[in-house]
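If you use UniProt numbering, the sequence shown corresponds to residues 1 to 393, in order.
C-beta: ideal position from N, C-alpha, C; glycine also.
Keep in mind it's a predicted model, so treat the numbers as computed, not measured.
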Amino acid sequence: MFSDLRPLPLDPLWALQNAHRDDPRPHKLNLGIGIYRDAHGHTPVLNAVQHAERALADAAPSKVYRPLSGNADLNAAMTRLLLGNHTPTLERAVTVQTVGGTGALRTLADLIASANPEATIWTSNPGYANHHPLMRAAGLLTAEYPWQDDGTGQTDLQPILGALGHAQPGDILLVQGCCHNPTGIDLSQESWHALARYCHEHGLIPLIDMAYQGLGQGLTEDAQGLRIMTRHLGTVLIAASCSKNMGLYCERTGTATVLTPHPAELPDVLSVLEGIARRTYSMPPEHGAAIATNLLNNPAPWHHELTAMRDRIRTVRAALGAALRAANAPQDLLSIEQHQGMFSLLPLTPDQMDTLQRDHAIYGTREGRINIAGIPDDAITRLAQALVAVYGR
Ligand code: PMP
Numbered sequence: 001m002f003s004d005l006r007p008l009p010l011d012p013l014w015a016l017q018n019a020h021r022d023d024p025r026p027h028k029l030n031l032g033i034g035i036y037r038d039a040h041g042h043t044p045v046l047n048a049v050q051h052a053e054r055a056l057a058d059a060a061p062s063k064v065y066r067p068l069s070g071n072a073d074l075n076a077a078m079t080r081l082l083l084g085n086h087t088p089t090l091e092r093a094v095t096v097q098t099v100g101g102t103g104a105l106r107t108l109a110d111l112i113a114s115a116n117p118e119a120t121i122w123t124s125n126p127g128y129a130n131h132h133p134l135m136r137a138a139g140l141l142t143a144e145y146p147w148q149d150d151g152t153g154q155t156d157l158q159p160i161l162g163a164l165g166h167a168q169p170g171d172i173l174l175v176q177g178c179c180h181n182p183t184g185i186d187l188s189q190e191s192w193h194a195l196a197r198y199c200h201e202h203g204l205i206p207l208i209d210m211a212y213q214g215l216g217q218g219l220t221e222d223a224q225g226l227r228i229m230t231r232h233l234g235t236v237l238i239a240a241s242c243s244k245n246m247g248l249y250c251e252r253t254g255t256a257t258v259l260t261p262h263p264a265e266l267p268d269v270l271s272v273l274e275g276i277a278r279r280t281y282s283m284p285p286e287h288g289a290a291i292a293t294n295l296l297n298n299p300a301p302w303h304h305e306l307t308a309m310r311d312r313i314r315t316v317r318a319a320l321g322a323a324l325r326a327a328n329a330p331q332d333l334l335s336i337e338q339h340q341g342m343f344s345l346l347p348l349t350p351d352q353m354d355t356l357q358r359d360h361a362i363y364g365t366r367e368g369r370i371n372i373a374g375i376p377d378d379a380i381t382r383l384a385q386a387l388v389a390v391y392g393r
């Protein structure tokens, strides 16, 4: 049965992890994978999460099967976190719990494949490495629009609209809601409005991938683009992740939300979403959902820690910018200062990224992505000097 199977090439991100693990140099720096680290390089469990886990253990609720759509309280709280308290919008939405943000994307991909198998999914280039494989695995076609800096640290809209000129009505515009992975370049408010108008005029449906809400400017601020879309457009799909902003990575907690212009359609949409869950994994895991619900419904301690994470990312970014200036970095490298969220895409070639790894023990992806949240305080100057040295080669 398996004799004709060929092993898949190792995912470059895991290959990078392995190379970092096996590097004996004590000053090695892992800026590859997208996880938050504190000033000392640790990824601790949030206090709010520990508190919620203790409360859950004390309450010892039953482990009986849960509904196919997961934890109803999580779904309600996440819907509000994403959409705000605008009742007419909330009344057009249905949310199901999913297996992380990845599961949300796949659930929505399966929904799209059920509703309109001809739809092409338009995703950014550069973009999140898993978007294409995930959409194709659901049997959908994919295409790309460019995602580049307009010179002010924000996304240049014109090339995007140029590429979307080839899209058909009913196609899906997959766009990241904030803190774009891998570039750190986001859309301005005006661009979100223009993109919403474009979707309206050309019959495109946005699928917003919200993996970093709260890690850019703030929970509400980071949802502004998404909310512009949901106010202007009838049909909007949202994949959300609790992995980063709650530090729940391995608990696999996320949600898929669907907005329709006709609330009467919501029960049918829900039944298809539940059918997708049933045939894939039956129901999503409860533990992370129960923790996330506790954080969302008792938000002050979580907000406090999320603010600390966000502030640290911004402080590290500013400090890296200052260190780059002190090292006489070229303007190109200084664009890091303008980016949002955990990532920046360096203006370095794959060969230069290899040099960074070989000569300086600094690990980022070959495309040039580094995790700003992964830089320990005591490595900032060394990183800046290494970047300048490698850039000048
Ligand atoms: N979308 C984007 C843009 C991401 O960066 C990630 C996580 N790296 C995901 C979705 C998936 O999130 P999760 O880990 O919750 O599956």
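Original post:
For residue 243, does the count of other Cβ atoms within 10 angstroms reach 16, so buried, or fall short, so exposed?
Top reply: Only buried fits residue 243, as 16 or more other CB atoms lie within 10 angstroms of its CB.
Original post:
If you measure from the CB of residue 354, is any heavy atom of ligand 1 nearer than 7 angstroms?
Top reply: No - ligand 1 has no heavy atom lying nearer than 7 angstroms to the Cβ of residue 354.
Original post:
Would you say the region 191–200 touches the region 154–162, given that touching needs at least three Cβ pairs under 8 angstroms?
Top reply: yes
**OP:** Over the uninterrupted alpha helix (DSSP H) stretch that includes residue 332, give me the two end residues.
**Re:** Boundaries of the alpha helix (DSSP H) around residue 332: 331–334.
**OP:** Whole angstroms is fine: what's the gap from residue 387's alpha carbon to residue 356's?
**Re:** 7 angstroms
Original post:
Can you give the Cα-Cα distance for residue 372 and residue 14, rounded to whole angstroms?
Top reply: 18 angstroms
Original post:
Pick from 266, 162, 111 and 277: whose alpha carbon is nearest that of residue 139?
Top reply: That would be 111, whose Cα lies nearest to the Cα of residue 139.
**OP:** Look at the Cβ atom of residue 81, then the Cβ atom of residue 89, and state whether they are nearer than 8 angstroms.
**Re:** no
**OP:** Return yes when at least one heavy atom of ligand 1 lies under 7 angstroms from the C-beta of residue 124, else no.
**Re:** no
Original post:
In or out: residue 331 buried (at least 16 other Cβ within 10 Å) or exposed?
Top reply: By the 10 Å Cβ count, residue 331 comes out exposed.
**OP:** With hydrogens ignored, establish whether the beta-carbon of residue 241 is closer than 7 angstroms to any heavy atom of ligand 1.
**Re:** yes
**OP:** Please go through the same chain and pick out, in chain order, the residues whose beta-carbon is closer than 7 angstroms to the beta-carbon of residue 70, but skip the five residues on each side of it.
**Re:** Excluding residues within five positions, the ones whose Cβ falls inside 7 angstroms are 96, 97, 283, 284 and 289.
Original post:
CB residue 174 to CB residue 238, shorter than 8 angstroms?
Top reply: Contact flag unset, no.
Original post:
Between the Cα of residue 108 and the Cα atoms of 44, 353, 303 and 259, which residue gives the shortest distance?
Top reply: 259 is the residue among 44, 353, 303 and 259 whose C-alpha sits nearest the C-alpha of residue 108.
Subject >> residue 106 burial status per 10 Å Cβ neighbour count (16 or more: buried) >> reply: By the neighbour-count rule (16 or more Cβ atoms within 10 Å), residue 106 is buried.
Subject >> Segment limits, alpha helix (DSSP H) that includes residue 391 >> reply: 380–391
Subject >> In chain order, each beta strand (DSSP E) run of at least 3 residues that lies wholly inside the region 81–140 >> reply: 93–99 and 120–125
Original post:
Okay, do the region 367–382 and the region 33–41 touch, 3+ Cβ pairs below 8 angstroms being the bar?
Top reply: yes
Original post:
Exposed or buried, what is residue 378 when buried is set at 16 or more other beta-carbons lying within 10 Å of its beta-carbon?
Top reply: exposed
**OP:** Go ahead and pull the three-state DSSP assignment for residue 254.
**Re:** strand
Original post:
Does DSSP classify residue 344 as helix, strand or coil?
Top reply: strand
**OP:** Using a threshold of 8 angstroms, state whether the C-beta atoms of residue 225 and residue 187 are closer than that.
**Re:** yes
Subject >> Closer than 7 angstroms: residue 105 CB and nearest ligand 1 heavy atom >> reply: yes
Subject >> Cut-off 8 angstroms between Cβ atoms - residues of its own chain near residue 313, not counting five sequence neighbours on either side >> reply: 36, 215, 341, 342, 372 and 373
**OP:** Establish whether the CB of residue 120 and some CB of chain D are separated by less than 8 angstroms.
**Re:** As a matter of chain content, chain D is missing from the structure shown, which is built from one protein chain.
**OP:** Entirely within the region 135–171 and at least 3 residues each: give me those beta strand (DSSP E) ranges in chain order.
**Re:** If we require 3 residues or more, the beta strand (DSSP E) runs fully inside the region 135–171 come out as 141–146.
Original post:
Would residue 179 pass as a contact of residue 212 if the rule is Cβ separation under 8 angstroms?
Top reply: Yes, these two residues count as a Cβ contact at 8 angstroms.
Original post:
Which word fits residue 384, buried or exposed, when buried means at least 16 other C-beta atoms lie within 10 angstroms of its C-beta?
Top reply: buried
Original post:
So, are the CB atoms of residue 245 and residue 296 less than 8 angstroms apart?
Top reply: No, the pair does not count as a contact, with Cβ atoms beyond the cut-off.
**OP:** Look at the Cβ atom of residue 291, then the Cβ atom of residue 49, and state whether they are nearer than 8 angstroms.
**Re:** yes
Original post:
By Cβ distance below 6 angstroms, which residues in the same chain neighbour residue 271 in space, the five residues on each side in sequence not counted?
Top reply: none
Original post:
Assuming residue 233 and residue 198 make a contact with CB atoms under 8 angstroms, what is their CB distance in whole Å?
Top reply: Rounded, the Cβ-Cβ distance is 11 angstroms, inconsistent with contact.
Original post:
According to DSSP, is residue 211 helix, strand or coil?
Top reply: Looking at residue 211 - three-state DSSP - the assignment turns out to be coil, as it is neither helix nor strand.
Subject >> Straight-line Cα distance separating residue 149 from residue 345 >> reply: 11 angstroms
Subject >> Candidates 347, 294, 195 and 359: closest to residue 54 by CA position >> reply: 294
Subject >> Closer than 7 angstroms: residue 30 CB and nearest ligand 1 heavy atom >> reply: no
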